[in-house]
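Printed below as a string of structure tokens:
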């Protein structure tokens with residue numbers, strides 16, 4: 448079974464971006480229907496941490512680099528925070544999915560509060576983008592729930608840091624290993640994984656902090672917890688439950704793998720609380736902010 452999951456883990460590493468971007472469709476609807484407390488989890492967990500002013504040259508735009516921006520919901524929180532203190536912002540959007548860029552552009556058209564943002568769209572993976580070796584320096588570089596999917600999160604963090612101007616910030620959001628969902632990642636890898644976990648989607652905020660520690664980069668963090676109603680996961684014929692399990696494990700069609708499904712459901716059951724006939728599973732985001740000192 449471990450060999451089967453090793454193959455699947457490799458597939459997950461490859462398909463991770465596909466699954467995370469699929470949240471805009473059926474999986475997103477299943478997930479958001481299940482989130483009970485913390486529906487504004489992005490705003491609550493990192494909105495207050497985003498710096499609203501940066502060290503910026505007089506008369507110039509604040510320059511922002513977004514890695515894996517998706518359809519723009521997270522970016523918009525960051526950009527609006529900056530616009531509270533700055534007249535204009537230049538935002539370089541690095542996103543490999545043409546469909547997600549299309550949705551992001553639609554969001555920008557609909558939200559007039561983003562009118563002072565100058566967008567630079569780059570349909571590229573993080574690896575493709577950083578290979579261009581452009582000399583632009585940014586006042587803020589961010590990656591929100593993206594580092595699970597890059598080929599090498601150490602290299603991505605190093606590249607983001609190098610593109611920061613002195614006095615700039617790097618802002619990251621990941622699932623915390625302290626939360627039950629982070630624990631599920633480690634349990635899956637412990638039971639079925641082979642090879643280097645850091646080369647798969649099964650990364651957590653702790654892995655990022657260890658990378659920053661090794662590089663001598665200081666940071667501050669904040670955590671935000673949300674409740675997920677996982678009751679549907681235990682209903683054999685529930686389509687919403689299957690989609691939710693796929694998302695929680697980041698494994699396509701995990702319900703068709705009896706051994707993995709059984710372990711996952713047992714872990715969720717043991718780490719959930721029963722509230723008014725609903726089974727509640729807790730997830731925790733961790734936001735990490737680093738300042739590049741002059």
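Numbering (our numbering), first residue to last: 448 to 741. From the three backbone atoms N, C-alpha and C, an ideal C-beta is built for every residue, glycine too.
Hey, quick one: how far does the alpha helix (DSSP H) through residue 530 stretch, first residue to last? 520-530
As assigned by DSSP and simplified to three states, the class of residue 742: Coverage of the chain is limited to positions 448 through 741, which leaves residue 742 absent and any answer about it impossible.
Which class does residue 733 belong to by DSSP, given the choice of helix, strand or coil? Looking at residue 733 - three-state DSSP - the assignment turns out to be strand.
Tell me, please, whether the segment 625-642 touches the segment 721-734 by the rule of three or more beta-carbon pairs shorter than 8 angstroms. Between the segment 625-642 and the segment 721-734, the count of C-beta pairs closer than 8 angstroms reaches three or more; the two stretches touch.
Would you tell me roughly how many angstroms separate the C-alpha atoms of residue 571 and residue 541, rounded to the nearest one? 6 angstroms
Residue interval of the alpha helix (DSSP H) (run including residue 579): Annotation for residue 579: no alpha helix (DSSP H) segment contains it, and DSSP assigns it neither H nor E.
Between residue 431 and residue 645, what straight-line distance do the alpha-carbon atoms span, to the nearest angstrom? The chain is shown only over 448 to 741; residue 431 falls outside these bounds and no answer can be derived.
Please check the pair residue 707 and residue 639, which I expect to be a contact at CB under 8 angstroms, by giving their CB distance rounded to whole angstroms. 6 angstroms
Could you have a look at residue 666 and say whether DSSP puts it in helix, strand or coil? coil
Assign residue 721 to buried or exposed, taking buried as 16 or more other Cβ atoms, counted over all protein chains shown, within 10 Å of its Cβ. Looking at its Cβ environment, which holds fewer than 16 other Cβ atoms inside 10 Å, residue 721 is exposed.
Let me confirm a value: residue 682 is counted as buried when at least 16 other C-beta atoms fall within 10 Å, else exposed. Which label applies? exposed
Three CB pairs or more closer than 8 angstroms across the segment 662-670 and the segment 684-698: no
Smallest Cα separation from residue 623: which of 633, 574, 616 and 617? 633
Beta carbon of residue 512, beta carbon of residue 566: below 8 angstroms? no
Segment contact, 8 angstroms Cβ cut-off, at least three pairs: the segment 592-600 with the segment 547-556: no
Three-way DSSP call (helix, strand, coil) for residue 456 in this model: Unreliable placement is indicated for residue 456, whose pLDDT of 40 sits below 50; the coordinate value is still reported in the next sentence. In this structure, residue 456 counts as helix in the three-state DSSP scheme.
Residue 739 and residue 611 - do their beta-carbons sit closer together than 8 angstroms? yes
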